[in-house]
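Chemist:
Number of protein chains: 2
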Amino acid sequence: MAKIAIIGLGLIGGSMGLALKRAKLTNTEVVGFDRDPQVAARALKAGAIQSAAPTLQQAVSRATIIVVATPILSVRKVFEEIAPHLQRNAIVTDTASTKQEVMRWAQEILPEGVHFVGGHPMAGKEKSGPQAAEESLFDGRPYVLIPSVSAGGGAVQAVQTLAQTIGAEPTFLDAAEHDTYAAAISHLPLVASMALFSLARASLAWPELGNMAGPAFRDFTRLASGEPEMSHDIFLTNRVEVLHWLDRYVAELQRLAELISSDDSEALFRAIAETQMDREAFLSSPPVRETPGPGLELPGQLDSFMSQMAGVLWQQRASEITQDLEERSRQRQREERLRRRED
Amino acid sequence: MAKIAIIGLGLIGGSMGLALKRAKLTNTEVVGFDRDPQVAARALKAGAIQSAAPTLQQAVSRATIIVVATPILSVRKVFEEIAPHLQRNAIVTDTASTKQEVMRWAQEILPEGVHFVGGHPMAGKEKSGPQAAEESLFDGRPYVLIPSVSAGGGAVQAVQTLAQTIGAEPTFLDAAEHDTYAAAISHLPLVASMALFSLARASLAWPELGNMAGPAFRDFTRLASGEPEMSHDIFLTNRVEVLHWLDRYVAELQRLAELISSDDSEALFRAIAETQMDREAFLSSPPVRETPGPGLELPGQLDSFMSQMAGVLWQQRASEITQDLEERSRQRQREERLRRRED
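Listed below in structure tokens is the structure:
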């Protein structure tokens, strides 16, 4: 019997539980813990977890995989609290939206013999909390995995299988790459969305603006409705990258402002039309980044994998596989990038 | 028999035709014209118009209401071409996204005895062209009306009724107000959306960015897929206002950047949480701007109005009503704004 412990049962933790339930795993027990007993009770009632552990210690005790799905700044404290209670060879993963800090905390705090694999399911919505959880949240979404240096290959494979089991598509990055990419396509839109809404809202003309605002304004400011704690933690733990992309964004806005104010209306048209064509191309054939490397067979179901794991993981046979997997994955990325640049 | 002529049968003109058809008007003929005969044929086939006029002149000849639904920069040329062929007391309206230039062109070009009422249905989507037209496009959307100084009250009422007939909610503004509000809630998001997409697209990491990009990035860059000609014309005819709001947007982004880089994480949290609460309040109870003024009974159907019009409009009895309507509308806005500020 494999025990999966989900710590934090909000949107991500709750949805993961529901997606695991949908996968109808056998031979696997899903236990949950949340600081808020009402949230835990709700997850239990919704079937996202099979039992609610009364304490964090009991949740992680004898657990095979521990998924830390709390707000980012709480991850560190959870690591500190669970560290003494983890069994040897336990696999710890997280779901935080920024990764460099979390990887550092894991290395500092988690004991030797515990395998940490950072994770970030690229899924979410502006509604947060357990009531927003849904089993299909991760379907078809990228799930970024970042193995720590001490994670065995079996542990990496276990988290990869977990991601696939909940419907996501695992992909490998390193923490710095992840954080700069996430800043560009997720955290920058968050700031840009907040800025647009707060600018309009602070205007004396707000009654008229709000009345005239259509779907464009609503879509564009949707991210400003996200959970404040999440945005706050993202900005604090990815500050340098967010500020970097904000700078570049302001420069791009100023480039467009110059085009708009210039008398070269043809250049303006060309810039608009190019952007439009590029976006259409993006929608019709989004860039694909292939993982995992070839030759690595993955069991489709977590439970069959779990049965293997009891025998396999404990022997640590697989740290070479990880290195190989990572090396191959990086190699393929490099080739892919070179190929694209030549196109 | 009242004749409505729609000039330009793309998304807006085509949708207006379909919405008029849905209203099952009697005693009314809807004629269309498009420079592209294939577009006209498509509109005819879809039932958006009852007949396609072979020339612009034939389309507007003996028409009661002429709706100019072409790209903004073409409106001027259409005015020039139709001016000699308009019957006395014809009502001309347009659907352009910016209004100050259009109001100027109407005053310069349209002959005396023709009533111009500027219009802007605040509806649209990123798909353009006649194939994107739909009868429900205007349902529940604000439809800004800007009577020219020479427009009779009956003409204003006719365009107001037209807007209601297609499902929209007419509202009165002056052209300068309209253009600055539209710059804030519609044209600024357009630039912001383009800038985010082009920034990500130009990055060497684009394959990874595009692969990781989720619904947030897609929603936020949706406007960058808009028709290039429309964006171009908007920027050229509303340059000052767009640049003004872009400046303010950059300043707001810099304010947020300072909050993110400061060590006062509580102030950062407060700013995020306030914006989130304000947006929730906006979604649950958007500001309402009431028009028309009280005491003005509007016929619910364009056809009953059209029958009245033959007798009424021609007598020009109603220019006082317009002035009254506008004055009352402005008075109510003023009161409303004062009331809100005191809250």
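Residue numbers (my numbering), protein chains in the order written: chain R, 1458 to 1800; chain Y, 1458 to 1800.
For glycine and all other residues, C-beta sits at the position ideal for the given N, C-alpha and C.
Should Y/V1616 be flagged as near chain R, meaning a C-beta pair shorter than 9 Å?
Modeler: Not one chain R Cβ lies under 9 Å of Y/V1616.
Chemist: Find the nearest neighbour of R/V1613 within the set R/P1599, R/T1628, R/G1624, judged by alpha-carbon distance.
Modeler: Of R/P1599, R/T1628, R/G1624, the residue nearest in Cα terms is R/T1628.
Chemist: Among R/Q1564, R/I1463, R/A1730, which has the Cα closest to the Cα of Y/P1685?
Modeler: Looking at the Cα atoms, R/A1730 is the closest of the given residues.
Chemist: Buried or exposed: where does Y/P1587 fall if 16 or more other Cβ atoms within 10 Å of its Cβ makes it buried?
Modeler: It counts as buried.
Chemist: How many Å lie between R/A1632 and Y/T1637 at the Cα?
Modeler: Computed Cα separation, rounded: 43 Å.
Chemist: Could you tell me whether any Cβ in chain Y is nearer than 9 Å to the Cβ of R/S1554?
Modeler: Chain Y contact via Cβ: absent.
Chemist: Take Y/D1704 as the anchor and find which of Y/P1646, Y/S1655, Y/V1535 has the nearest alpha-carbon.
Modeler: Taking only the C-alpha atoms, the option nearest Y/D1704 is Y/P1646.
Chemist: May I ask you to report which of helix, strand or coil DSSP gives R/A1553?
Modeler: In this structure, R/A1553 counts as coil in the three-state DSSP scheme.
Chemist: So, does the CB of R/Q1711 fall closer than 9 Å to a CB anywhere in chain Y?
Modeler: Yes, contact with chain Y.
Chemist: Which value, in whole angstroms, describes the spacing of the CA atoms of R/E1841 and R/A1509?
Modeler: Outside the displayed range of chain R (1458 to 1800) lies residue 1841 of chain R, so it cannot be described from this structure.
Chemist: Does the count of Cβ pairs from the region 1539 to 1558 of chain R and the region 1572 to 1583 of chain R closer than 8 Å reach three?
Modeler: Yes, the region 1539 to 1558 of chain R touches the region 1572 to 1583 of chain R.
Chemist: Does the CB of R/A1459 have a neighbour CB from chain Y at under 9 Å?
Modeler: It does not; no Cβ of chain Y falls within 9 Å.
Chemist: So is R/E1592 in contact with chain Y if we call contact Cβ pairs under 9 Å?
Modeler: It does not: the Cβ of R/E1592 has no partner Cβ on chain Y nearer than 9 Å.
Chemist: Below 6 Å CB to CB, which residues in the same chain sit around Y/A1516 once its five sequence neighbours on both sides are set aside?
Modeler: Correct list, in chain order: A1462, V1488, F1490, A1510.
Chemist: With a Cβ-Cβ cutoff of 9 Å, do Y/F1595 and Y/I1623 count as a contact?
Modeler: A contact, by the Cβ cut-off of 9 Å.
Chemist: R/G1768 by DSSP, collapsed to three states: which one?
Modeler: Bear in mind that a pLDDT of 38 at R/G1768, under 50, signals an unreliable position, so the number given afterwards is only what the model happens to contain. In the structure shown, R/G1768 sits in a helix (DSSP, three-state: H, G or I).
Chemist: Which residues share a DSSP beta bridge with Y/F1654?
Modeler: Its beta-bridge partners do not exist; DSSP assigns none.
Chemist: Out of R/I1642, R/R1479, R/T1483, R/T1527, state which residue places its alpha-carbon closest to the alpha-carbon of R/A1497.
Modeler: Measuring from the Cα of R/A1497, the nearest candidate turns out to be R/T1527.
Chemist: Is there at least one Cβ from chain R nearer than 9 Å to Y/D1676's Cβ?
Modeler: Closer than 9 Å: yes.
Chemist: Helix, strand or coil for Y/F1573? Go by DSSP, reduced to three states.
Modeler: In this structure, Y/F1573 counts as strand in the three-state DSSP scheme.
Chemist: Would you verify that the beta carbon of R/L1468 is, or is not, closer than 9 Å to some beta carbon of chain Y?
Modeler: No, its Cβ sits nowhere closer than 9 Å to a Cβ of chain Y.
Chemist: Which partner residues does R/I1522 have in the DSSP bridge list?
Modeler: R/I1522 pairs with R/I1461, R/I1548.
Chemist: Ignore the nearest five residues each way along the sequence and tell me which others in R/D1690's own chain have a CB closer than 7 Å to its CB.
Modeler: P1528, I1529, L1530, listed in sequence order.
Chemist: Which chain Y residues sit within Cβ distance under 9 Å of R/Y1600?
Modeler: What R/Y1600 touches in chain Y: nothing, since even the nearest Cβ is about 10 Å away.
Chemist: Cβ closer than 8 Å: which chain R residues qualify as neighbours of Y/R1696?
Modeler: Within 8 Å Cβ-Cβ: I1717, S1718.
Chemist: What does the alpha-carbon distance come out to for the pair R/S1741 and Y/K1481?
Modeler: Spanning the two alpha carbons is a distance of roughly 38 Å.
Chemist: Please list the terminal residues of the continuous alpha helix (DSSP H) segment that includes Y/G1471.
Modeler: Note, Y/G1471: alpha helix (DSSP H), 1468 to 1479.
Chemist: Mark R/R1561 as exposed unless 16 or more other C-beta atoms lie within 10 angstroms of its C-beta, in which case mark it buried.
Modeler: Exposed, since its Cβ has fewer than 16 Cβ neighbours within 10 Å.
Chemist: Is R/F1739 close to chain Y? Criterion is C-beta to C-beta, closer than 9 Å.
Modeler: Yes, R/F1739 counts as interfacial toward chain Y.
Chemist: According to DSSP, is R/T1485 helix, strand or coil?
Modeler: Note: R/T1485 maps to strand in three-state DSSP.
Chemist: Let's see if you can read the secondary structure: which residues bound the alpha helix (DSSP H) around Y/P1685?
Modeler: Segment 1685 to 1694, the alpha helix (DSSP H) holding Y/P1685.
Chemist: Please specify which runs of the beta strand (DSSP E), each continuous and at least 3 residues long, are wholly inside the region 1585 to 1642 of chain Y, giving them in chain order.
Modeler: Within the region 1585 to 1642 of chain Y, the complete beta strand (DSSP E) runs of at least 3 residues are 1599 to 1604, 1626 to 1629.
Chemist: Assign R/P1494 to one of two classes, buried (16 or more other C-beta atoms within 10 Å of its C-beta) or exposed (fewer than that).
Modeler: Classification for R/P1494: exposed.
Chemist: Between which two residues does the alpha helix (DSSP H) containing R/I1529 stretch?
Modeler: Run containing R/I1529: 1529 to 1539, per the alpha helix (DSSP H) assignment.
Chemist: Throw me the rounded Cβ distance for the Y/A1652 and R/Y1706 pair, which I believe falls under 8 Å.
Modeler: Contact holds; Cβ gap of about 6 Å.
Chemist: Using a Cβ cut-off of 8 Å, which residues of the region 1627 to 1654 of chain Y contact any Cβ in chain R, in chain order?
Modeler: So the list reads T1628, L1630, E1634, T1637, Y1638, A1639, A1641, I1642, S1643, L1645, P1646, L1647, V1648, A1649, S1650, M1651, A1652, L1653, F1654, given in the order they occur along the chain.
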